[in-house]
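S.K.:
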Amino acid sequence: MDELNEIRNMLKNIVEVDQVSNRAQLFLEGLKHSGKSEIAKFAISDECNAMLAAAKEQNYSALQQLMSQYK
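All letters in the sequence shown, in the order written, are residues 92 to 162 by our numbering.
(1) Given this structure, state the Cα-to-Cα distance separating Ile135 from Glu129, to the nearest angstrom.
(2) Please name the residue in Arg99, Asp93, Ala131 whose C-alpha comes closest to that of Gln160.
(3) With distances taken from CA atoms, which of Asn104, His124, Ala115 is nearest Asn140?
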């Protein structure tokens with residue numbers, strides 16, 4: 092679970108700090124092929140899809156609200 096939390100934080104940094112949705116999308120694509128089912132499931136989860144959609148829309152206030160839901 093620690094690894095999953097670390098990955099979640101990496102994704103948050105990509106979308107919150109870097110604010111680059113295409114980088115976040117590439118990051119998630121890589122996770123889908125990680126070979127670890129828990130990580131792959133996280134990469135296709137509603138949480139990740141919602142974060143990516145918010146980043147693509149560049150609606151960072153909505154993204155911030157989503158982040159607070161999953162803390």
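The C-beta atom is built at its ideal place from N, Cα and C for all residues, glycine as well.
M.R.: A quick look at the data gives this:
(1) In the sequence shown, counting from the first residue as 1, residue 135 sits at position 44. In the sequence shown, counting from the first residue as 1, residue 129 sits at position 38. Answer to the nearest angstrom: the Cα atoms are 10 angstroms apart.
(2) By 1-based counting over the sequence shown, the position of residue 160 is 69. Answer by Cα proximity: Arg99.
(3) On the sequence shown, position 49 is the one that residue 140 refers to. The candidate whose alpha carbon is nearest that of Asn140 is Ala115.
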